[in-house]
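Engineer: Sending over a structure as structure tokens; questions will come in a sec.
Protein chains: 2
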Amino acid sequence: MPKATIDDVATLADVSIKTVSRVVNREPNVREATREKVEKAIAKLNYRPNKAAQNLASHHSRLIVLVYDDPSAYEIPSAGFIIRMQQGALRACWSANYELLIHPCRYRNKDVGEELKALIEQVRPDGIVLAAPLSNVNRIVNAILETQTPIVRLSPGKQNGKQFSVATNDREICAEMTRYLVSLGHRRIAFIKGHPDHKAVGNRYLGYQDGLKQCGLPISDEFVIEGDNSILSGEACAAELLNRPQPPSAIFAANDDMAAGVIRVADRLEIKVPEQLSVAGCDDIALAQQIYPALTTINQPLAAMADEAVRLLINPEGKTKTPRTAIVPGTLRVRDSTGPAPGQL
Amino acid sequence: MPKATIDDVATLADVSIKTVSRVVNREPNVREATREKVEKAIAKLNYRPNKAAQNLASHHSRLIVLVYDDPSAYEIPSAGFIIRMQQGALRACWSANYELLIHPCRYRNKDVGEELKALIEQVRPDGIVLAAPLSNVNRIVNAILETQTPIVRLSPGKQNGKQFSVATNDREICAEMTRYLVSLGHRRIAFIKGHPDHKAVGNRYLGYQDGLKQCGLPISDEFVIEGDNSILSGEACAAELLNRPQPPSAIFAANDDMAAGVIRVADRLEIKVPEQLSVAGCDDIALAQQIYPALTTINQPLAAMADEAVRLLINPEGKTKTPRTAIVPGTLRVRDSTGPAPGQL
DNA sequence: GTGAAAGCGCTAACAC
DNA sequence: GTGTTAGCGCTTTCAC
Numbered sequence: 001m002p003k004a005t006i007d008d009v010a011t012l013a014d015v016s017i018k019t020v021s022r023v024v025n026r027e028p029n030v031r032e033a034t035r036e037k038v039e040k041a042i043a044k045l046n047y048r049p050n051k052a053a054q055n056l057a058s059h060h061s062r063l064i065v066l067v068y069d070d071p072s073a074y075e076i077p078s079a080g081f082i083i084r085m086q087q088g089a090l091r092a093c094w095s096a097n098y099e100l101l102i103h104p105c106r107y108r109n110k111d112v113g114e115e116l117k118a119l120i121e122q123v124r125p126d127g128i129v130l131a132a133p134l135s136n137v138n139r140i141v142n143a144i145l146e147t148q149t150p151i152v153r154l155s156p157g158k159q160n161g162k163q164f165s166v167a168t169n170d171r172e173i174c175a176e177m178t179r180y181l182v183s184l185g186h187r188r189i190a191f192i193k194g195h196p197d198h199k200a201v202g203n204r205y206l207g208y209q210d211g212l213k214q215c216g217l218p219i220s221d222e223f224v225i226e227g228d229n230s231i232l233s234g235e236a237c238a239a240e241l242l243n244r245p246q247p248p249s250a251i252f253a254a255n256d257d258m259a260a261g262v263i264r265v266a267d268r269l270e271i272k273v274p275e276q277l278s279v280a281g282c283d284d285i286a287l288a289q290q291i292y293p294a295l296t297t298i299n300q301p302l303a304a305m306a307d308e309a310v311r312l313l314i315n316p317e318g319k320t321k322t323p324r325t326a327i328v329p330g331t332l333r334v335r336d337s338t339g340p341a342p343g344q345l
Numbered sequence: 001m002p003k004a005t006i007d008d009v010a011t012l013a014d015v016s017i018k019t020v021s022r023v024v025n026r027e028p029n030v031r032e033a034t035r036e037k038v039e040k041a042i043a044k045l046n047y048r049p050n051k052a053a054q055n056l057a058s059h060h061s062r063l064i065v066l067v068y069d070d071p072s073a074y075e076i077p078s079a080g081f082i083i084r085m086q087q088g089a090l091r092a093c094w095s096a097n098y099e100l101l102i103h104p105c106r107y108r109n110k111d112v113g114e115e116l117k118a119l120i121e122q123v124r125p126d127g128i129v130l131a132a133p134l135s136n137v138n139r140i141v142n143a144i145l146e147t148q149t150p151i152v153r154l155s156p157g158k159q160n161g162k163q164f165s166v167a168t169n170d171r172e173i174c175a176e177m178t179r180y181l182v183s184l185g186h187r188r189i190a191f192i193k194g195h196p197d198h199k200a201v202g203n204r205y206l207g208y209q210d211g212l213k214q215c216g217l218p219i220s221d222e223f224v225i226e227g228d229n230s231i232l233s234g235e236a237c238a239a240e241l242l243n244r245p246q247p248p249s250a251i252f253a254a255n256d257d258m259a260a261g262v263i264r265v266a267d268r269l270e271i272k273v274p275e276q277l278s279v280a281g282c283d284d285i286a287l288a289q290q291i292y293p294a295l296t297t298i299n300q301p302l303a304a305m306a307d308e309a310v311r312l313l314i315n316p317e318g319k320t321k322t323p324r325t326a327i328v329p330g331t332l333r334v335r336d337s338t339g340p341a342p343g344q345l
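Those protein sequence lines, which keep their order, are chains C and X.
Each residue of the first sequence is one higher than the last, beginning at 1 in this note's numbering.
Each residue of the second sequence is one higher than the last, beginning at 1 in this note's numbering.
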């Protein structure tokens, strides 16, 4: 049987198509009795509004596009992050009867801007969620802005006043992690900074300092060292720190990969984690639960962030109010790599 | 400026809108000079056809929906698989100017069928790619079929004659892995079977037997043992095999998790991999590259499979010919966990 | 509260 | 080769 149209429903319910439209779109000005009659007809005919027709007539597509960096096969570690973003974005979309289009792209390509403009002009999404690191590339952001499409930037660490964006409380939560380590009795807490180009991790170092300060501990860079976000650099930093005459009793790394490197070196040096050394990371990548001991870290609430981003796009609020940055808080994930400081010095 | 429409282009090029339509859709029967004139106008106005209007008028949406099982947060290991499927599906979609809608869903839900029907009737995709394990649930497949939407099932191991589907050459490639182990001098090659409910892995056992046969080795179940696909079961099976008076010199597991379990046990028993024991897995999950030594395994060509699935939906071939199963071959990924048999017995 | 009419921007079918 | 006409199935506007 051919799909029922709004006309069929109108005929069956003995009303005009406009009334059916009102019922379908939950508009006011329909008498309760009429509404019921229409709803009965809809159910009977198993009517579903045709999206293409709705889009054409209403000039909006109920479509959100999620744009993110396309992981090449060899950096599929980011897969978990992407899936979580998608899950969050989908949750918000579906709850508002929107659909989500995904658009991974290579952000090094010169033409990403043109590519996105073409996409936008064809499918006319009602909004774009732009994930980091693309959200930090002005060329790309501007290309999207030219199309007049609402955009929300997803940038875990960084804020930006010109458009709506969603970020985490990186700094605050890193302070919390530091306080947690102090509460376990640690006093010599080292911090491994990330690659300076990676904006998100700058705040983490500040958070580490905040945490020390809040506990009344002196801030010094004696135990601060810089890695490049890789496991290998974590190993190198750990080797340097742990071979000192006065090694730290806890090492807090600006990301999980480096923390994993620390654990690996500790294992090699036969330093027991967490009995002799506490290790904490940041990001809660899949690896964090797979290594031994399971890594204490900070969860990046990517799903919640993407959810919030879509909400900002869909809600009328997002269209009218002045740009703001929504903050979605991360949470501590205390696992097995942290414990009381040895000997309570 | 308001977006240009087909009328604007027609006016500027001084032709009818039908001619513009012909040029846009690369239809024949346009004189070269006319085509150029129109293309110039299109470029000048930066015209892009409105998808909603195209969809409404043409009764097709240039939209493919990829349906797969939604990983809960705690089984994100599957994230890599999903991303690869998406990448493959997107590649095929974009190359034909289609878009991809993703639709993860919980396949245990009773209402998945209804959910999918509602989705399909609203967005009217031109086709559905249904990934395993959903593709093996008749209730779900039938719900989709009721909507008359073309569907291609993605089921790595299993074939099914009633609809189009895409599978891998599990059996053949497992035979190849077995032959590879034999070529390294191994004669006592154990096989750890997977959970019998998991259809994909049955073929792997057959492939193992084929491989032995092809090398002229006797087939016996002396070295065949059954796990349940988990790392833990891999450990248990390995413990049993390696504690025998005559242990195998190579262990081939029906999936990577179990193979990882084998390596873990070997490490515990101080059996060197690959010097004393070769270990091979199947699936090429992310873990395969992360463990030490890196696991020799079989790549599941999920991206290529999804790509092929979308092609089947988009190409006219898919709509007319009789259902068939396309086979996308997997490939051996030789890494560090396999080597020459010790002592050449 | 409800309905009639006029599009939205395209494609399909057919005429020329 | 090219143009004309009539929709596709909705929403919008405005009249009642």
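Even glycine gets a Cβ: it sits at the ideal position worked out from N, Cα and C.
Could you tell me whether any Cβ in chain C is nearer than 8 Å to the Cβ of X:N55?
Structural biologist: Yes - at least one Cβ of chain C is within 8 Å of the one on X:N55.
Engineer: At the level of alpha carbons, what is the spacing between C:I271 and C:V182?
Structural biologist: So the two alpha carbons sit approximately 20 Å from each other.
Engineer: Check X:N169 in the structure and name its three-state DSSP category.
Structural biologist: Correct three-state label for X:N169: coil.
Engineer: From which residue to which residue does the alpha helix (DSSP H) around C:D69 run?
Structural biologist: C:D69 -> not in any alpha helix (DSSP H); beta strand (DSSP E) instead, spanning 63 to 69.
Engineer: Measuring straight from C-alpha to C-alpha, what distance separates C:S337 and C:A280?
Structural biologist: Computed Cα separation, rounded: 7 Å.
Engineer: Threshold first: 4 residues or longer. Then list the alpha helix (DSSP H) segments lying entirely within the segment 67 to 155 of chain C, N to C.
Structural biologist: Runs found: 79 to 95, 112 to 123, 138 to 146.
Engineer: Quick one, which of X:S61, X:F223, X:T5, X:I83 has its alpha-carbon nearest X:A43's?
Structural biologist: Per the Cα distances, X:T5.
Engineer: Using beta carbons (cut-off 8 Å, strictly below), is X:S233 in contact with chain C?
Structural biologist: False, the Cβ-Cβ gap to chain C never drops below 8 Å.
Engineer: Within the same chain, show all residues whose beta-carbon is closer than 6 Å to that of X:A24, passing over the 5 residues directly before and after it, in chain order.
Structural biologist: It is worth fixing the name first, because residue 24 of chain X is Val in this sequence and not Ala. Excluding sequence neighbours, X:V24 sits near P49.
Engineer: Could you tell me the distance, in whole angstroms, from the CA atom of C:N315 to the CA atom of C:A96?
Structural biologist: C:N315 and C:A96: Cα-Cα distance of roughly 9 Å.
Engineer: Using a beta-carbon distance below 8 Å, is C:R333 in contact with chain X?
Structural biologist: No, no contact with chain X.
Engineer: Please say whether C:E115 and C:C105 have beta carbons closer to each other than 8 Å?
Structural biologist: Closer than 8 Å, so yes.
Engineer: So, at 6 Å on beta carbons, what are the nonlocal neighbours of X:R259 in its own chain, with the 5 sequence-adjacent residues on each side left out?
Structural biologist: The sequence given here places Ala at residue 259 of chain X; Arg does not occur at that position. Contacts found: A253, V279, G281, L295.
Engineer: Using only alpha-carbon positions, find the residue among C:P71, C:P125, C:T11 that is nearest to C:S58.
Structural biologist: For the residues C:P71, C:P125, C:T11, the minimum Cα distance to C:S58 belongs to C:P125.
Engineer: Tell me whether X:N46 is buried or exposed, calling it buried when 16 or more other Cβ atoms sit within 10 Å of its Cβ.
Structural biologist: It is exposed - the Cβ of X:N46 has fewer than 16 other Cβ atoms within 10 Å.
Engineer: Would X:A303 be called buried (16 or more neighbouring beta carbons within 10 Å of its own) or exposed?
Structural biologist: Buried, since its Cβ has 16 or more Cβ neighbours within 10 Å.
Engineer: Please check if any C-beta of chain X sits within less than 8 Å of the C-beta of C:L145.
Structural biologist: By this cut-off, C:L145 is not an interface position.
Engineer: Cβ of C:V129 within 8 Å of Cβ of C:L66?
Structural biologist: Against a cut-off of 8 Å, the Cβ pair of C:L66 and C:V129 comes out as a contact.
Engineer: For C:L332, which residues does DSSP report across the bridge?
Structural biologist: C:I298.
Engineer: Looking at C-alpha atoms only, which residue of C:D221, C:I251, C:A309, C:A131 is the closest neighbour of C:S78?
Structural biologist: The shortest C-alpha separation from C:S78 is found at C:A131.
Engineer: Report the rounded CA-to-CA distance for C:A266 versus X:S249, giving the unit in angstroms.
Structural biologist: Straight-line Cα distance between these residues: approximately 33 Å.
Engineer: Using the three-state DSSP reduction, which class does X:L345 fall into: helix, strand or coil?
Structural biologist: Its pLDDT being 46, under 50, X:L345 is placed unreliably in this model, and the coordinates cannot settle the point.
Engineer: To which residues of the same chain is C:I231 closer than 6 Å at the C-beta, ignoring the five residues directly before and after it?
Structural biologist: So the qualifying residues of the chain are D257, A260, G261.
Engineer: Any heavy atom of the ligand NAP closer than 7 Å to the CB of X:V328?
Structural biologist: This structure lacks the ligand NAP; in fact it carries no ligand of any kind.
Engineer: Taking the straight line between their C-alpha atoms, what separation do you get for X:F164 and X:D228?
Structural biologist: X:F164 and X:D228: Cα-Cα distance of roughly 29 Å.
Engineer: Would you mind giving the Cβ-Cβ distance between C:I298 and C:D284, rounded to the nearest angstrom? I have them listed as a contact below 8 Å.
Structural biologist: C:I298 to C:D284, Cβ: 7 Å. Contact.
Engineer: Quick check on this structure: which residue in C:E39, C:N29, C:P340 has the alpha carbon closest to the alpha carbon of C:D14?
Structural biologist: Nearest option by C-alpha distance: C:E39.
Engineer: If we count the other Cβ atoms within 10 Å of its Cβ and call it buried at 16 or more, is X:N55 buried or exposed?
Structural biologist: Flag for X:N55 reads buried.
Engineer: Name, in chain order, the residues that DSSP records as bridge partners for C:D283.
Structural biologist: Partner(s): C:N299.
Engineer: DSSP three-state label for C:K162, please.
Structural biologist: Correct three-state label for C:K162: coil.
Engineer: Just grab the DSSP bridge partners of X:D193 for me.
Structural biologist: Residue identity differs from the one stated: residue 193 of chain X is Lys in this sequence, not Asp. X:K193 is bridged to X:E226.
Engineer: Quick one: give me the first and last residue of the alpha helix (DSSP H) that X:I263 is part of.
Structural biologist: Segment 256 to 268, the alpha helix (DSSP H) holding X:I263.
Engineer: For C:Y98, which of C:I64, C:V112, C:Y68 has the nearest alpha-carbon?
Structural biologist: Closest by alpha carbon: C:I64.
Engineer: Verify whether the separation of the beta carbon atoms of X:C174 and X:Y208 is less than 8 Å.
Structural biologist: Yes; because the gap between Cβ atoms is below 8 Å, this pair is in contact.
Engineer: Indicate whether at least one CB of chain X lies closer than 8 Å to the CB of C:G80.
Structural biologist: By this cut-off, C:G80 is an interface position.
Engineer: Sort out for me which residues DSSP pairs C:A326 with in a bridge.
Structural biologist: Paired residue(s): C:V166.
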